[in-house]
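S.K.: Protein sequences, first through last, are from chains Y and G. So for the first sequence, our numbering puts the first residue at 1; every next one is plus one. So for the second sequence, our numbering puts the first residue at 1001; every next one is plus one.
There are 2 protein chains.
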Amino acid sequence: MNQKLPTIKEIARRLNVSVSTVSRALSDHPRIGAATRERVKQLAKELNYEPNAQAIFFKQKKTHVVGVILPYIREEFFSEAISGIEMVALEHEYTILFGQSYDDVEKEKEVVNAMRRQRVDGLIISPSKTTLRYDHIEALDNYDIPVVYFDRVPLSEKANRVYCNVYQGTIEMVGWLFNQGYRRIAFINGPDKIAASRDRLNGYIEGISRQKLKVDMQLVENTDLTKESTQDAVAKLLALKQPPNAIITFNDYVHMDAVQYADKQHIKVNRDIIFVSYANLPITAYTANPPLASLEQYPYAQGEKAMKMIIRLMNEKNAETQEAVFLSEEILPTLVINQYQPR
Amino acid sequence: MNQKLPTIKEIARRLNVSVSTVSRALSDHPRIGAATRERVKQLAKELNYEPNAQAIFFKQKKTHVVGVILPYIREEFFSEAISGIEMVALEHEYTILFGQSYDDVEKEKEVVNAMRRQRVDGLIISPSKTTLRYDHIEALDNYDIPVVYFDRVPLSEKANRVYCNVYQGTIEMVGWLFNQGYRRIAFINGPDKIAASRDRLNGYIEGISRQKLKVDMQLVENTDLTKESTQDAVAKLLALKQPPNAIITFNDYVHMDAVQYADKQHIKVNRDIIFVSYANLPITAYTANPPLASLEQYPYAQGEKAMKMIIRLMNEKNAETQEAVFLSEEILPTLVINQYQPR
DNA sequence: TTTGCATGCGCAGTCGGTTGCACAGGCTCA
DNA sequence: TGAGCCTGTGCAACCGACTGCGCATGCAAA
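#1: For residue 19(Y), which residues from the same chain have a beta carbon less than 6 Å from its beta carbon, with the 5 sequence-adjacent residues on both sides left out?
#2: Classify residue 1142(G) as helix, strand or coil using the three-state DSSP reduction.
#3: Considering only residues of the region 1067 to 1100 of chain G, which uninterrupted alpha helix (DSSP H) runs meet the minimum length of 4 residues and lie entirely inside it, listed in chain order?
#4: State buried or exposed for residue 203(Y), treating a residue as buried only when at least 16 other CB atoms are found within 10 Å of its CB.
#5: When the distance is taken between beta carbons, is residue 1289(G) closer than 8 Å to residue 1259(G)?
#6: What does residue 314(Y) reach in chain G if we use C-beta pairs closer than 8 Å?
#7: Roughly how many whole angstroms lie between the Cα atoms of residue 1313(G) and residue 1062(G)?
#8: Quick one: which chain G residues come within Cβ less than 7 Å of residue 65(Y)?
#9: Return the bridge partner residues of residue 150(Y) from the DSSP annotation.
#10: For residue 1042(G), would you say it is in contact with chain Y, using Cβ-to-Cβ distances shorter than 8 Å as the test?
#11: Please report how far the alpha carbon of residue 163(Y) lies from the alpha carbon of residue 99(Y), in whole angstroms.
#12: Assuming the contact rule is C-beta atoms closer than 8 Å, residue 1280(G) and residue 1292(G) should be a hit. Round their C-beta distance to whole Å, please.
#13: Tell me the rounded alpha-carbon separation between residue 249(Y) and residue 1049(G).
#14: With a threshold of 8 Å between beta carbons, is residue 170(Y) in contact with chain G?
#15: For the region 1073 to 1091 of chain G, which residues have a beta carbon sitting closer than 7 Å to at least one beta carbon of chain Y?
#16: Note down, in chain order, each residue of its chain lying with its Cβ closer than 8 Å to the Cβ of residue 256(Y), except the 5 sequence neighbours on either side.
#17: Between which residues of its own chain and residue 150(Y) is the CB-CB distance below 6 Å, once the five residues before and five after are set aside?
#18: Roughly how many whole angstroms lie between the Cα atoms of residue 208(Y) and residue 194(Y)?
#19: Anything in the region 1211 to 1222 of chain G with a Cβ closer than 7 Å to a Cβ of chain Y? List those residues in chain order, please.
#20: Out of 73(Y), 111(Y), 187(Y), 122(Y), which one is the CA nearest neighbour of residue 95(Y)?
#21: Using a 10 Å radius around the Cβ and a threshold of 16 neighbouring Cβ atoms, would you call residue 1310(G) buried or exposed?
#22: In the region 1274 to 1326 of chain G, which residue ranges form an unbroken alpha helix (DSSP H) of at least 4 residues, counting only runs that do not cross its ends?
#23: May I ask you to check if the CB of residue 229(Y) is nearer than 7 Å to at least one heavy atom of the ligand FAD?
#24: Which value, in whole angstroms, describes the spacing of the CA atoms of residue 160(Y) and residue 26(Y)?
#25: Which one of 1136(G), 1089(G), 1097(G) has the shortest CA to CA distance from residue 1108(G)?
#26: Sorted by chain position, which residues of the same chain lie with C-beta nearer than 8 Å to residue 233(Y)'s C-beta, five sequence neighbours on each side aside?
#27: Let me check one thing: in DSSP terms, what residues is residue 1189(G) bridge-paired to?
#28: Take the Cβ of residue 302(Y) as the centre, count every other Cβ of all protein chains shown within 10 Å, and call the residue buried at 16 or more, exposed below.
#29: Comparing the C-beta of residue 1173(G) with each C-beta of chain Y, is any distance below 8 Å?
#30: With DSSP as the reference, label residue 1336(G) as helix, strand or coil.
#31: Going by beta carbon distance, what residues of the same chain come within less than 6 Å of residue 245(Y), once the five residues before and after it are set aside?
#32: Below 8 Å, how does it come out for the region 40 to 56 of chain Y and the region 66 to 76 of chain Y: are there three or more Cβ pairs, yes or no?
#33: Exposed or buried, which one is residue 152(Y) when buried takes at least 16 other CB atoms within 10 Å?
#34: Between residue 1033(G) and chain Y, is any beta-carbon pair separated by less than 8 Å?
#35: Between the region 1266 to 1299 of chain G and chain Y, which residues of the former have a C-beta closer than 9 Å to a C-beta of the latter?
#36: Grouping DSSP H, G and I as helix and E and B as strand, with all else coil, what is residue 1010(G)?
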């Protein structure tokens, strides 16, 4: 087969006109006569002509490639998110250059640099949990590459961001637990340097206060998200003089490690102590002890919004707009109550 | 900041040489004098010059973009696979254009066409379970776009493929069950049109025969991979006069649906009936009833091999090699026995 | 008849590299 | 001393599209 892809030149040759005429005819330039325009369009259709996007991007000094860096794609939260990103990217003829940091800041730096070398037009990133400084990401500013932070956003306000308002969600969560009659509500939070943890903690404190309960910091533990660290946190809570009767965990993965450990300690999960969590992953439905409630954070919608935001930023870059206006999009989470009976 | 990226032209201007000299100096062309070569390389380093890959690819009529189409990225098997693909792609400066078929052949066609329009240099695809004809994929041949089928490979031999030998794995699985003392071994297979199902079934039949057992097709059911269909299959097996005491399921997702249903029917999972499966997904460790054994199919390694294969094919394309030689890579699976006590 | 303007189209440069070919200068060897 | 060769460098075309500018032609108004 091996049919040569038709170019604008080929059309010009066949119609005995110049390439510029063909180019203008195809883009409805007013100075091209109607007859010529139609002849060109007709032949273009017959030949199945499709403009070479690479050539156009090259001329425009664009790649139409957007970098996406996530910690782990195998986590359902992130794979849902990338699905949303992908959908919008395909619609707008953008290509995704995808990379994982595996929650390691050094690997993250490598990937960021690889993407810079590939001259991505923009970057969507959910930083690794070990990323405390953002220099390597902010350096992209020097190359005029806009960045959107996603889900895990930096504490600083000087960044474009899409995130879920877990502060509000956590207040709602605590309120729900209170209404169910629980009073000793513990919290296993994530690494305390990251914004996701800060928001949860603030929501927790606010939620507890609104119910006129006393905030007891003994009930708040942290995990670095590894299985061992999570189990340590559970152990400490169980060892309290007055152990909690409800535990909120950082996310469903932490939840799974936590209840697995609690189960081993002969705690009747969701009876002796009830567990609630964040993320609302479908997979938890299959687990031995799903969370009684989980906060849906709409990762797909977050991905869509992040992609739309980066597209907007990349377009504004051309327009040479004002300095230092940062975009921010917030998604409101929903507390999903599981319909199941604990064993 | 907004530092202009240095070009070859800029270097030429500063050193008062021509761009061709700079280009050749940087690529160690033998006709360039040592002194000139060093001056050029020196300045290139100082300016942090990095060649514009887009320009080079454009000249070479390549995009360095590889399309990857998978059914669902949220399935751990596929997200592991894409990690392997990504790793090799980053190393070789390839970009991934990623798309999901959501196991729907119509969506798959759309994505394939979008990728063709974007002029991907090659395609890695794991076809949807509703893909029975491959015309839309084979059409890429007309555009000289090589295709590698991955995991779910077509029955026809006329295709490049990377897959796991589940035929052998299934024989091993049946043998293991036999050695554990099980004699009525049932099988819940996937859609019977796809190669993955055919290989499993053949392996099952061969495995049963090798143990001098009689193949009883009453013990073989199919599921279209939906929860309902899987539950129907389990129900039929449970309703047999002589129900099975071991059930092999198509993969870990089918397994989860199957044991969830069996549990509801008051079957003591992995006591009354033991369950074994394919994929060995980490997530099953958290579920109420993990498979007693699962066949590890090494999706990451499969992804790596697929990417390496497509790179090889894309390079051969230039070399105008012989017609119709198809590459094939097989991975041997491993039966992983779970270390846990059923409840 | 000349001027002026609208219409229709082509030339050539541009983006950032690569590459075939030409050419100048110096050297060696018959 | 001239033929032939090697070395070092530049010119210009090329990839596929876009685009500023200029040049015809035709027609209407002066």
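Heads up, the beta-carbon is just placed ideally off N, CA and C, and yes, glycines get one too.
M.R.: According to the structure data:
#1: The beta carbon of residue 19(Y) sits closer than 6 Å to those of 8, 9, 12, all from its chain and outside the five residues before and after it, given in chain order.
#2: The answer is helix: DSSP assigns residue 1142(G) an H, G or I state.
#3: DSSP runs (the alpha helix (DSSP H)) wholly in the region 1067 to 1100 of chain G: 1076 to 1091.
#4: Buried.
#5: In contact: residue 1259(G) and residue 1289(G) (Cβ atoms closer than 8 Å).
#6: The contacting residues do not exist; residue 314(Y) stays about 15 Å from chain G at best.
#7: Rounded to the nearest angstrom, the gap between the Cα atoms of residue 1313(G) and residue 1062(G) is 13 Å.
#8: Taking a Cβ-Cβ threshold of 7 Å, the residues of chain G close to residue 65(Y) are 1095, in chain order.
#9: Secondary-structure assignment with DSSP links residue 150(Y) through a beta bridge to 162(Y).
#10: No, residue 1042(G) does not count as interfacial toward chain Y.
#11: Distance between the alpha carbons of residue 163(Y) and residue 99(Y): 20 Å.
#12: The C-beta separation of residue 1280(G) from residue 1292(G) comes to about 12 Å, leaving the pair out of contact by the 8 Å criterion.
#13: Cα atoms of residue 249(Y) and residue 1049(G): separation of roughly 48 Å, rounded to the nearest angstrom.
#14: With 8 Å as the cut-off, residue 170(Y) does not count as an interface residue toward chain G.
#15: For the region 1073 to 1091 of chain G, the beta-carbon criterion of a distance under 7 Å to any beta-carbon of chain Y is satisfied by 1073, 1074, 1076, 1079, 1080, 1082, 1083, 1086, 1090.
#16: Taking residue 256(Y) as the centre and dropping the five residues before and after it, the same chain places the C-beta of 284, 287 closer than 8 Å to its C-beta, in chain order.
#17: 124, 126, 162, 306, listed in sequence order.
#18: Their backbone Cα atoms lie some 21 Å apart in a straight line.
#19: Contact residues of the region 1211 to 1222 of chain G toward chain Y are absent (C-beta to C-beta distance below 7 Å).
#20: Cα-wise, what sits closest to residue 95(Y) is 122(Y).
#21: The residue is buried, with at least 16 neighbouring Cβ atoms inside 10 Å.
#22: Secondary structure remark: continuous alpha helix (DSSP H) runs of at least 4 residues inside the region 1274 to 1326 of chain G, in chain order: 1299 to 1319.
#23: The ligand FAD is not part of the structure shown, which contains no ligands of any sort.
#24: Rounded to whole angstroms, the gap between the alpha carbons of residue 160(Y) and residue 26(Y) is 37 Å.
#25: Ranking 1136(G), 1089(G), 1097(G) by Cα distance to residue 1108(G) puts 1136(G) first.
#26: Excluding residues within five positions, the ones whose Cβ falls inside 8 Å are 188, 221, 222, 223, 258.
#27: For residue 1189(G), which the question treats as bridged, DSSP gives the partners 1222(G).
#28: Result: buried.
#29: Not one chain Y Cβ lies under 8 Å of residue 1173(G).
#30: Assignment of residue 1336(G) by DSSP, reduced to helix, strand and coil, places it in the strand class.
#31: Here residue 245(Y) has 182, 184, 273 as same chain residues with Cβ atoms under 6 Å from its own Cβ, once five neighbours each way along the sequence are excluded.
#32: Contact between the region 40 to 56 of chain Y and the region 66 to 76 of chain Y is absent: fewer than 3 CB-CB pairs across the two stretches fall below 8 Å.
#33: Classification of residue 152(Y): buried, given that the 10 Å Cβ count is 16 or more.
#34: Not an interface residue.
#35: Here the close residues are 1282, 1283, 1284, 1285, 1286, 1287, 1288, 1289.
#36: Three-state DSSP puts residue 1010(G) in a helix.
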